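For the protein sequence lines, the chains are A and B, in the order given. For what it's worth, numbering that gives the first Met the number 0 labels the leading residue of the first sequence as 0, then goes sequentially. For what it's worth, numbering that gives the first Met the number 0 labels the leading residue of the second sequence as 0, then goes sequentially.
Protein chains: 2
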Amino acid sequence: MALKQLGDRLVRFVGGNTGRWRVLAARPVQGDILPQAERIAVCRGDEPSPFESQWTLSGVISNIRYVERPEQKELTLKQAPLGRPEATMAALIPIRKTAAWWNLTQEERRNIFEKQSHHIAEGVKYLPSVARQLYHSRDIGEPFDFLTWFEYAPQHSEEFEELVRTLRQTEEWRHVDREIDIRLMREPEG
Amino acid sequence: MALKQLGDRLVRFVGGNTGRWRVLAARPVQGDILPQAERIAVCRGDEPSPFESQWTLSGVISNIRYVERPEQKELTLKQAPLGRPEATMAALIPIRKTAAWWNLTQEERRNIFEKQSHHIAEGVKYLPSVARQLYHSRDIGEPFDFLTWFEYAPQHSEEFEELVRTLRQTEEWRHVDREIDIRLMREPEG
Numbered sequence: 000m001a002l003k004q005l006g007d008r009l010v011r012f013v014g015g016n017t018g019r020w021r022v023l024a025a026r027p028v029q030g031d032i033l034p035q036a037e038r039i040a041v042c043r044g045d046e047p048s049p050f051e052s053q054w055t056l057s058g059v060i061s062n063i064r065y066v067e068r069p070e071q072k073e074l075t076l077k078q079a080p081l082g083r084p085e086a087t088m089a090a091l092i093p094i095r096k097t098a099a100w101w102n103l104t105q106e107e108r109r110n111i112f113e114k115q116s117h118h119i120a121e122g123v124k125y126l127p128s129v130a131r132q133l134y135h136s137r138d139i140g141e142p143f144d145f146l147t148w149f150e151y152a153p154q155h156s157e158e159f160e161e162l163v164r165t166l167r168q169t170e171e172w173r174h175v176d177r178e179i180d181i182r183l184m185r186e187p188e189g
Numbered sequence: 000m001a002l003k004q005l006g007d008r009l010v011r012f013v014g015g016n017t018g019r020w021r022v023l024a025a026r027p028v029q030g031d032i033l034p035q036a037e038r039i040a041v042c043r044g045d046e047p048s049p050f051e052s053q054w055t056l057s058g059v060i061s062n063i064r065y066v067e068r069p070e071q072k073e074l075t076l077k078q079a080p081l082g083r084p085e086a087t088m089a090a091l092i093p094i095r096k097t098a099a100w101w102n103l104t105q106e107e108r109r110n111i112f113e114k115q116s117h118h119i120a121e122g123v124k125y126l127p128s129v130a131r132q133l134y135h136s137r138d139i140g141e142p143f144d145f146l147t148w149f150e151y152a153p154q155h156s157e158e159f160e161e162l163v164r165t166l167r168q169t170e171e172w173r174h175v176d177r178e179i180d181i182r183l184m185r186e187p188e189g
């Protein structure tokens with residue numbers, strides 16, 4: 000039990016009254032909402048958490064699970080990094096999937112994820128406008144299975160809305176049993 | 000960071016001088032050995048760890064990653080549970096795989112794991128004699144990626160040796176960069 004050994008693979012999103020990301024809106028898409036927070040601090044590795052907070056969600060960058068080699072090549076070619084100066088808008092969308100989902104085999108999950116729901120193909124359309132990072136939470140005892148994080152410039156807001164709308168209509172999303180959609184705006188440091 | 004929320008999905012193997020499993024032998028197959036321990040205590044969920052210990056290895060029971068539905072059905076039909084009274088022999092084999100392995104896609108890993116190495120097909124041959132449980136450690140910051148655990152009756156020892164010999168000769172094992180083989184015998188409680 001040495002999560003700190005994960006180094007920068009570990010991230011904590013801390014909801015409270017400090018942090019560079021100001022909460023614009025937070026709504027429960029499925030299931031319960033989290034306590035209200037004005038700001039979110041993003042702490043990596045052993046960076047200290049803010050002293051006071053309403054909640055903390057932790058996740059781990061892991062190996063890829065569904066993406067196949069040609070998709071991986073396309074993603075690598077097209078995707079944008081986190082932290083672009085112009086990407087001042089963000090979304091933190093924690094997601095939990097049903098027990099039935101987790102009892103599926105890998106190929107059954109991949110089948111729903113991509114063959115039926117086109118999760119990767121849909122996401123690729125919005126690259127490089129929307130930068131993404133997935134954090135895994137299920138196997139570290141967190142309330143969500145994934146923390147999904149997106150960064151984009153204000154002029155790409157409508158594209159981002161389209162992406163989340165599309166994904167929420169897929170077969171895959173019928174296996175989501177808790178989801179919160181938190182929208183954020185980055186504020187200058189200091 | 001709430002590993003205790005995992006409940007019985009979390010296990011800790013604690014090497015020291017207490018615990019029901021007496022260490023018969025411990026040898027490094029690849030890479031560094033662990034400090035010597037006389038006994039291993041197996042603690043689940045929030046069971047307290049022994050007061051003194053040489054080392055602790057933690058792992059999490061997770062969803063299946065490689066097994067496909069027909070294989071899963073066969074496994075469910077044939078496999079034995081842990082804790083059978085007659086299964087007084089055990090092996091704890093912590094394994095770490097290379098960075099190159101983790102950079103492969105899921106289907107590339109499955110291809111090596113089963114198509115080339117027959118990991119599942121070979122394992123099935125030794126059911127129900129050898130009961131197995133896999134614990135995942137990579138995403139909780141542990142020194143190993145997996146903790147593999149096997150229990151068997153003394154009369155099946157040679158079968159177990161054959162299983163580990165077979166797996167260590169596979170293509171998959173070329174991606175193992177640290178492995179320790181710890182053999183154990185259960186002693187009556189109290």
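Don't be surprised by glycine CBs; every beta carbon is placed ideally from N, CA and C. As the structure is a prediction and not an experimental result, all values here were calculated from the model.
Rounded to whole angstroms, the gap between the alpha carbons of glutamate 67 (chain B) and alanine 36 (chain B) is 38 Å. Of all residues in the stretch 124-136 of chain B, the ones placed with a Cβ closer than 7 Å to any Cβ belonging to chain A are His135, in chain order. Chain B places no beta carbon closer than 8 Å to that of glutamate 160 (chain A), leaving this residue out of the contacts.
In this structure, DSSP gives phenylalanine 12 (chain A) an extended state, which the three-state scheme calls strand. Nearest neighbour of arginine 19 (chain A) by Cα position, chosen from A:Arg38, A:Arg177 and A:Val28, turns out to be A:Arg38.
Restricting attention to A:Leu5, A:Thr75, A:Leu76 and A:Phe159, the CA atom closest to the CA of alanine 90 (chain A) is found in A:Phe159. Nearest CB-CB separation between serine 52 (chain B) and chain A: not below the 8 Å threshold.
Its Cα nearest to that of aspartate 7 (chain B), the residue B:Val41 stands out among B:Lys96, B:Phe143 and B:Val41. As computed with DSSP, phenylalanine 149 (chain B) is found in a beta bridge with B:Ala90 and B:Arg131. Each of B:Ser136, B:Ser156, B:Val13 and B:Tyr151 was checked against the Cα of alanine 79 (chain B), and the nearest Cα belongs to B:Tyr151. Here tryptophan 100 (chain B) is not bridged, per DSSP, to any residue. Across the structure, arginine 182 (chain A) and isoleucine 92 (chain A) are spaced so that their CA atoms are roughly 8 Å apart.
Neighbours of tyrosine 65 (chain B) in chain A, taken as residues whose beta carbon is under 8 Å from its own, are Gln105 in chain order. Under the Cβ distance rule, glutamine 29 (chain A) does not count among the residues neighbouring chain B, no pair being separated by less than 8 Å. The Cβ-Cβ distance between phenylalanine 149 (chain B) and arginine 95 (chain B) does not fall below 8 Å.
One alpha carbon belongs to tyrosine 65 (chain A), the other to threonine 169 (chain A), and they sit about 16 Å apart. Here phenylalanine 50 (chain B) is exposed: its Cβ has fewer than 16 other Cβ atoms, across all protein chains shown, within 10 Å.
Closest in alpha carbon position to phenylalanine 145 (chain A), among A:Thr165, A:Ser156 and A:Leu9, is A:Leu9.
Ranked by Cα distance from histidine 155 (chain A), the options A:Ser128, A:Thr147, A:Thr165 and A:Tyr134 are led by A:Ser128. With a minimum length of 3 residues, the unbroken runs of beta strand (DSSP E) contained wholly in the stretch 50-83 of chain B fall at 54-59.
Between isoleucine 139 (chain B) and leucine 33 (chain B), the gap from beta carbon to beta carbon reaches 8 Å or more. Judged by DSSP in its simplified three-state form, glutamine 4 (chain B) adopts helix.
Using a CB distance below 7 Å, the part of the stretch 0-29 of chain B facing chain A consists of Met0, Ala1, Leu2, Lys3, Gln4 and Leu5, ordered along the chain.
One Cα belongs to lysine 72 (chain A), the other to arginine 43 (chain A), and the distance between them is close to 27 Å. Taking a Cβ-Cβ threshold of 9 Å, none of the residues of chain B is close to glutamate 171 (chain A); the smallest such distance is about 15 Å. Annotation for isoleucine 181 (chain A): no alpha helix (DSSP H) segment contains it, though the beta strand (DSSP E) segment containing it runs 175-185. Per DSSP, reduced to three states, the secondary structure at alanine 36 (chain B) is coil, with no helix or strand assignment. In the assembly as shown, arginine 11 (chain B) is a buried residue. Its beta-carbon has 16 or more other beta-carbons within 10 Å.
Not a single CB atom of chain B sits nearer than 8 Å to the CB of valine 163 (chain A). C-alpha of histidine 117 (chain A) to C-alpha of leucine 162 (chain A): approximately 12 Å in a straight line.
The Cβ of serine 61 (chain A) sits closer than 8 Å to at least one Cβ of chain B. Nearest CB-CB separation between glycine 82 (chain B) and chain A: not below the 8 Å threshold. For glycine 140 (chain A), the residues of chain B that pass the 7 Å Cβ criterion are Ala1, Leu2, Lys3, Gln4 and Leu5, in the order they occur in the chain. Against chain A, the beta carbon of arginine 68 (chain B) has neighbours under 8 Å at Thr104, Glu106 and Glu107, listed in chain order.
Counting only Cβ-Cβ distances below 7 Å, tryptophan 148 (chain A) has no contacts in chain B at all, with the closest Cβ about 17 Å away. Following the DSSP letters along the chain, one finds leucine 126 (chain B) in no beta strand (DSSP E), marked with neither H nor E.
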